[in-house]
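For the sequence shown, our numbering assigns the number 13 to the initial residue and increments by one for each residue that follows. Even for Gly, the Cβ is constructed at its ideal location relative to N, Cα and C. Presented below is the structure to which this report refers.
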Amino acid sequence: MLDLPILALAAAAGLVGGAMNALAGGGTFATMPALIAIGLPSPIANATSNVALQPGAFMSAYTYREGLRPVAGMSVRTLGGITFIGALVGSLLLVVTPTTTFDIIIPWLLLMATIAIAFGKRAAEVLQRHAAPGPRALFVAQALLGVYGGYFGGGVGMMLTATWGLLAGEPPHRLMAPRTLMLAVANTAAMIVFIGFGMVRWDACLPMLAGAVLGGWLGARAGKKLPPTAIRVWTLLVTIVTTIIFFVRAYG
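Here it is, written out as structure tokens:
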């Protein structure tokens, strides 16, 4: 059983992670490092983080429910089905990934998420001027993002926003509702697998979960008021620092 300071750390990380997921995605950048810091192996930390953030993700999705709409002509139900199946595949891949291998992979996943957060919107704008992707491209992209969301999930919210910006040609603030719902769907699929394979450390998960629920609600409310630039700068700062730490941890 974890002692009180560690439980408080888990709850605080959940609060920050839940708020980040509601605002721009990337809640894993707050929760997973905290779990590793208290001694959990990285795959267990990732699985525990996923389950802890799940209720907060649904809280945020419920708050944004009025903004749900089709993306590039594809219904929310279809997007959700593709995401769910992809996330099941990704989470099963994590189950069979050895801890030492995952420790080496994590920094590169974090770097990919950081790049998406930093340049995703600009890249989408450039690509949109030179390409006209159709429903097939959206189907493939959504499936791949679902796999990534189930395997790791860090920064997948911003990856969704950037991808949909390219394929649907809509600004990020109009995509907050479907993006947040897809995060919840991917987390649900992964949660089923992680709990089924006994990968969740419940004494750390429960206080983090409580913090994430509160953080998800507060973050969704703040997301309606805060300027997009402030949200993006904060998220990018957290992701850059976390990515550097994990590179040093793996290769330093």
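Item: Beta-ladder partner(s) of Val-83, from DSSP; Value: Met-86
Item: Length at least 4, wholly inside the region 176-240: the alpha helix (DSSP H) runs in chain order; Value: 188-208 and 214-235
Item: C-alpha distance - Leu-150 paired with Gly-169, whole-angstrom precision; Value: 15 angstroms
Item: Reduced DSSP secondary structure (H/G/I, E/B, other) of Leu-106; Value: helix
Item: 7 angstroms Cβ shell around Phe-206 - same chain, five flanking residues per side excluded; Value: Ala-59, Asn-62, Val-63, Ser-103 and Val-212
Item: Proximity of Val-253 and Val-159 at Cβ, strictly below 8 angstroms; Value: no
Item: Residue span of the alpha helix (DSSP H) that contains Arg-148, given as start and end; Value: 147-163
Item: Any non-hydrogen atom of the ligand FMN closer than 7 angstroms to Ala-201 Cβ; Value: Inclusion of the ligand FMN in the displayed structure is not the case, the ligand content being empty and no account of it being possible.
Item: Between the CA atoms of Arg-191 and Ala-57 - distance to the nearest angstrom; Value: 24 angstroms
Item: Three-state secondary structure assigned by DSSP to Gly-169; Value: helix
Item: Rounded straight-line distance, which links the Cα of Ile-97 to that of Phe-259; Value: 30 angstroms
Item: Euclidean distance between Cα positions of Ala-99 and Lys-237; Value: 31 angstroms
Item: Reduced DSSP category for Pro-53 - H, G, I as helix; E, B as strand; rest coil; Value: coil
Item: Distance, Val-88 Cα to Met-188 Cα; Value: 13 angstroms
Item: Three-pair Cβ contact test at 8 angstroms for the region 216-230 versus the region 20-31; Value: yes
Item: Proximal residues to Gly-162 (C-beta, below 7 angstroms), its chain only, five neighbours per side dropped; Value: Gly-98, Ala-99, Leu-100, Val-101, Gly-102, Ser-103, Ala-198, Ala-201 and Ala-202
Item: Where Tyr-76 sits in the DSSP three-state scheme; Value: coil
Item: Chain-order list of residues whose beta-carbon lies under 6 angstroms from that of Leu-35 (same chain, five-residue window excluded); Value: Gly-231, Gly-235 and Ile-243
Item: Spatial neighbours of Gly-269 in its chain, beta-carbon cut-off 8 angstroms, leaving aside the 5 residues before and after; Value: Lying outside 13 to 264, the shown extent of the chain, residue 269 is not represented and no answer is given.
Item: Backbone secondary structure at Gly-26 - three-state DSSP; Value: helix
Item: Nearest residue (CA-CA) to Phe-164, options Trp-214, Pro-45, Thr-173 and Leu-106; Value: Leu-106
Item: Given Gly-166 as reference, the closest of Ala-130, Thr-126 and Arg-148 once Cα atoms are compared; Value: Thr-126
Item: Met-32 to Arg-148 span [Cα, whole Å]; Value: 30 angstroms
Item: Asp-15 (DSSP reduced to helix, strand or coil); Value: coil
Item: Spatial distance of Thr-109 from Ala-46 (CA atoms); Value: 21 angstroms
Item: Pick from Tyr-74, Thr-111 and Pro-67 that is closest to Pro-55, judged by C-alpha positions; Value: Thr-111
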